[in-house]
Structures are given as structure tokens and as C-alpha cells.
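Take a look at the structure below.
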Amino acid sequence: MAKVLYSVTMSVDGFITGPGGDMQWMRPYLGPNAEVAELIPQIGSLLIGRRSHDGDDPHKGDEGEGKAFGGGWNGPMFVVTHHPPSNPEPGVTYVDQFAQALDLAKEAAGDKYVNVIGANIAKQCIEAGELDEVLLLYAPVMLGDGTRLFAHPGGHPVPLTRRSVTNNPTATNLWFTVDKT
Numbered sequence: 007m008a009k010v011l012y013s014v015t016m017s018v019d020g021f022i023t024g025p026g027g028d029m030q031w032m033r034p035y036l037g038p039n040a041e042v043a044e045l046i047p048q049i050g051s052l053l054i055g056r057r058s059h060d061g062d063d064p065h066k067g068d069e070g071e072g073k074a075f076g077g078g079w080n081g082p083m084f085v086v087t088h089h090p091p092s093n094p095e096p097g098v099t100y101v102d103q104f105a106q107a108l109d110l111a112k113e114a115a116g117d118k119y120v121n122v123i124g125a126n127i128a129k130q131c132i133e134a135g136e137l138d139e140v141l142l143l144y145a146p147v148m149l150g151d152g153t154r155l156f157a158h159p160g161g162h163p164v165p166l167t168r169r170s171v172t173n174n175p176t177a178t179n180l181w182f183t184v185d186k187t
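The numbers in the sequence shown follow my numbering, run straight up by one, and end at 187.
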């Protein structure tokens, strides 16, 4: 049975994008990361928010532009959107209902991970009680503004249990299990 994982690179001050959705800040931190290299073959599908799917690409101008994990992963992708494009991208399934998209992504993933891309989709997974794990790649930079990893006006604690901490040349990885009790 698939597990739902939110894996994301984040600045030390808690932002996953810079102002206006900028992802170019991430370029210096895309270097080798053994834990991510081990994770990629364990991903069975992607569950992506439309803003993330259509947004800035940290691999812009590189051969990995427009490809998941800079071209390191290939497989079924499910984009949650209320406005599917008139010319759908090949290999991408556009779904207008979050629960349906999650079910399809889990089915496609089999016994591998559904990797979540996008803060809003991760929040919806949390609110539905469907998020199993979080892998944070802390980049040694402060952005000061942008999209927060998790924002819930008025607060909403999500208890986590640390699984591992791994130092890499470009980031520190913190892997958590979501406490669902």
C-alpha cells in the first residue's frame, strides 16, 4: 500500500519558494544528495498542485527543465486543478477533485511512495489525515518571504516523529513520520 510523502527543499526560515513563486534560489542546493538518490526509485507517482506544476522550475535552462527531480524520475503524475488545460501535457492526469487525485496517485504508486509537490496539496493531505511522512531538505539560506512549508491561519499543530537526520554537502535532510494518533 502506498505511503504519502511530502518531500521538499526549504530555507532555514521556512520558505519553499521565494517571493512570487521563485524557485531559482534553490539552484545552489541541487547538488548531490545520497538520500534523495535512494528515494527516487521508491517513488511510484506524484501528486502535484497546479501552481507547483505550472510554476517556476529550479532546473530552468538545464537539460532537466520541466522534468520531475530534474529528469531523475519518470512516472505517473496527477495534477489537482479546477481548470484543466485545453492541451494536456502528455503523461499528466489532471483531476479536479483532491480525494480522487489522491486515490488515483495511490493506486498508481502501488507499494511505493506518492510524492507530494506543493504546499497547498500537502496541507490538503494533512487535513485529510493522509500524509504519512515528511522529508525536509534544509538549505542553508534565509529567503525572508515566499511560500511557507505549511501555513494554517490560527494554527494547526501536526505532531511528527523524527526518523533520521542526514547531512549532505548542499542540505541537511530531516525525515519525519506524521503522528496520526
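C-beta: ideal position from N, C-alpha, C; glycine also.
Every alpha helix (DSSP H) stretch that sits fully inside the stretch 42-117 and reaches 4 residues is listed by chain position as 56-60, 104-115.
Between the stretch 75-86 and the stretch 46-56 there are three or more inter-stretch CB-CB distances shorter than 8 Å, so the stretches are counted as touching. Between the C-alpha atoms of Tyr35 and Thr176 there is a straight-line separation of about 5 Å. Note: Lys9 is bridge-paired with Tyr119 in the DSSP secondary-structure output.
Judged by DSSP secondary structure, Asn173 falls within the beta strand (DSSP E) whose first and last residues are 166-173. Taking the CA atoms as reference points, Leu142 sits about 16 Å from Leu149.
A straight-line Cα-Cα distance of about 30 Å links Glu139 and Glu69. For Ala40, the secondary structure class from DSSP, reduced to helix, strand or coil, is helix.
Within the DSSP secondary-structure output, Tyr35 pairs in no beta bridge.
Bounds of the alpha helix (DSSP H) holding Glu133 are 125-133. Within the same chain, and ignoring the five residues on either side of Thr187 in sequence, no residue has its Cβ closer than 7 Å to its Cβ.
C-alpha of Thr15 to C-alpha of Gly27: approximately 13 Å in a straight line.
Looking at Asp185, Phe21, Ala40, the one whose alpha-carbon comes closest to that of Gly152 is Phe21.
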